[in-house]
Amino acid sequence: MSLAGKRVLLVVAGGIAAFKALELVRLLRREGCGVTAVLTAGGAQFVTALSLQALTEARVYSDLFSLTDESEMGHIQLSRAADLVVVAPASADILAKMAAGLADDLASTLLLATDKRVLVAPAMNVRMWQHPATVANMATLAARGVAVVGPDEGAMACNEFGPGRLAEPPAILAAIASMLAPPVRPLAGRHVLVTSGPTHEPIDPVRYLANRSSGRQGHAIAAALGALGARVTLVSGPVAIPDPPGVEVRHVETAVGMLAACDAALPADAAVCAAAVADWRVADAAAQKLKKTPGAAPPALTLVANPDILATLAAPGPRRPRLVVGFAAETNDLERHAADKRRRKGCDWIVANDVSEAGGVMGGGENEVHLLTEAGIEHWPRAAKEEVARLLAQRIAVALA
Ligand code: C5P
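Throughout, the numbering used here is defined as the position within the sequence shown, counted from one, plus 7.
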């Protein structure tokens, strides 16, 4: 990690976690990183400008309309001089201001004026974090490319338990370091197709067959491939998570729609099929809502097989991507089923995971996978889905090199 000579503009917003910003400053300074701190009115309730000044060895800014600041280092200039803007802790309030584009104090004004990348480390009560307003604000910010670290889950100062704790300073430091590291782009010039999420197969205009896939793993893979310089087309079924930044997203509903979108996205150098595509669809989805008639038998649904997108993409032919990766969600006999699947589908690699209850992978934040290639099977340790995605993207880069 080399942060020597880099400059971070650190916005310290309100919240009991603000004291951890001091530790973050200490870690950044130890790496040789310059820090300029901006303290919001809320932040000043929890840490003093004096402590921040002592640790940053620089002047601390808090006033939007101070004439001396405006002449020496105005709100525009503040972030121009930085390599990265970090908001830690990021309160629900400042996240809402950022999402709405408000600029009523120094912190929100510089966040609106900055031309630099922004990293936020949210910290708030679990209910505030899970409130639809905050969820929508985070989705807005993510879509604009704002990076997020945390929050962590655990016991909170307000005696509640859940996500909302500020990420630990070493984790924030690592996020800063990775954002400031020179980009390694081994996949520049490559096009990778990724499928993600479930599919919804209509029964009638209001009902559908679906599954519990969240799309988190597939979306993380798309983001990780994009971070390595690939042009990524992400074909996503209906999910509740935001589009990853820097990725072209095609939103689809059904397996048939997903196949059409994949087909339209070809040619590609590689394809990663992480979507949990429904195996069957209703043969004749009703054009009108099916009615419940008293005394009548429930409607019988006839299912027909959906196209197998992975097998279709992996089939030999001029348009076959050079590397086709499939997923195998298994509840038992993982290795044998994954090897069978690799053969049956004709793909090059299978990423196999255990989706039994004990595995807790579906919809969760972590994954424990086996990578099955022509060379054999590798067991990867359990890790955040983003980390699994990063490792897989690196392997894809090596394979396409
Ligand atoms: O056959 P099964 O669903 O177990 O295979 C899983 C793999 O196949 C995943 O990579 C999934 O994305 C892909 N698949 C597909 N189209 C289908 C069914 C599965 O692409 N209709």
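Every residue, glycine too, gets a C-beta built ideally from N, C-alpha and C.
Where does residue i fall in DSSP's three states?
i: N218; result: coil
i: V213; result: coil
i: E337; result: strand
i: G233; result: helix
i: I357; result: strand
i: T43; result: strand
i: T240; result: strand
i: L398; result: helix
i: V246; result: coil
i: A391; result: strand
i: A283; result: strand
What are the start and end residues of the alpha helix (DSSP H) that includes residue i?
i: W387; result: Looking at the DSSP string, W387 is not in any alpha helix (DSSP H), and its letter there is neither H nor E.
i: V410; result: In the structure as shown, the chain begins at 8 and stops at 408. Residue 410 is therefore absent and cannot be evaluated.
i: A28; result: 26 to 37
i: A275; result: Looking at the DSSP string, A275 is not in any alpha helix (DSSP H), and its letter there is neither H nor E.
i: L126; result: Note, L126: premise wrong, no alpha helix (DSSP H); beta strand (DSSP E) at 124 to 129.
i: R327; result: That residue, R327, is in no alpha helix (DSSP H); it is neither H nor E in DSSP.
i: S115; result: 113 to 120
i: Q137; result: 133 to 137
Just to confirm the assignment, what range does the beta strand (DSSP E) spanning residue i have?
i: A307; result: Run containing A307: none; DSSP gives neither H nor E here.
i: V54; result: No beta strand (DSSP E) contains V54, which DSSP labels as neither H nor E.
i: A95; result: 91 to 97
i: E255; result: 255 to 258
i: L378; result: 376 to 380
i: C269; result: No beta strand (DSSP E) holds C269; the alpha helix (DSSP H) holding it covers 262 to 272.
i: A318; result: Counting along the chain, A318 falls outside any beta strand (DSSP E), though it belongs to the alpha helix (DSSP H) covering 316 to 321.
i: R14; result: 14 to 19
i: V67; result: Premise fails: V67 is in no beta strand (DSSP E) and is neither H nor E.
Which whole-angstrom value is the C-beta distance of residue i and residue j, which I expect to be below 8 Å?
i: V19; j: G50; result: 4 Å
i: V92; j: V125; result: 5 Å
i: H226; j: P245; result: Not confirmed; about 13 Å, so no contact.
i: G171; j: M131; result: 5 Å
i: P314; j: A262; result: 6 Å
i: A24; j: L173; result: 4 Å
i: V289; j: L317; result: In fact, because the Cβ distance is near 22 Å, the residues do not count as touching under 8 Å.
i: S115; j: K104; result: 4 Å
i: T147; j: A106; result: 4 Å
i: T338; j: S363; result: 4 Å
i: C280; j: V332; result: 7 Å
i: M135; j: A99; result: 5 Å
i: H198; j: A275; result: 5 Å
Practice task
Counting only runs of 4+ residues fully inside the segment 139 to 207, write out the alpha helix (DSSP H) ranges in chain order.
Solution key: 139 to 150, 176 to 187
Practice task
Give me every residue whose Cβ sits closer than 5 Å to any heavy atom of ligand 1, in chain order.
Solution key: C280, A282, V284, N313, D315, I316, L317, G333, F334
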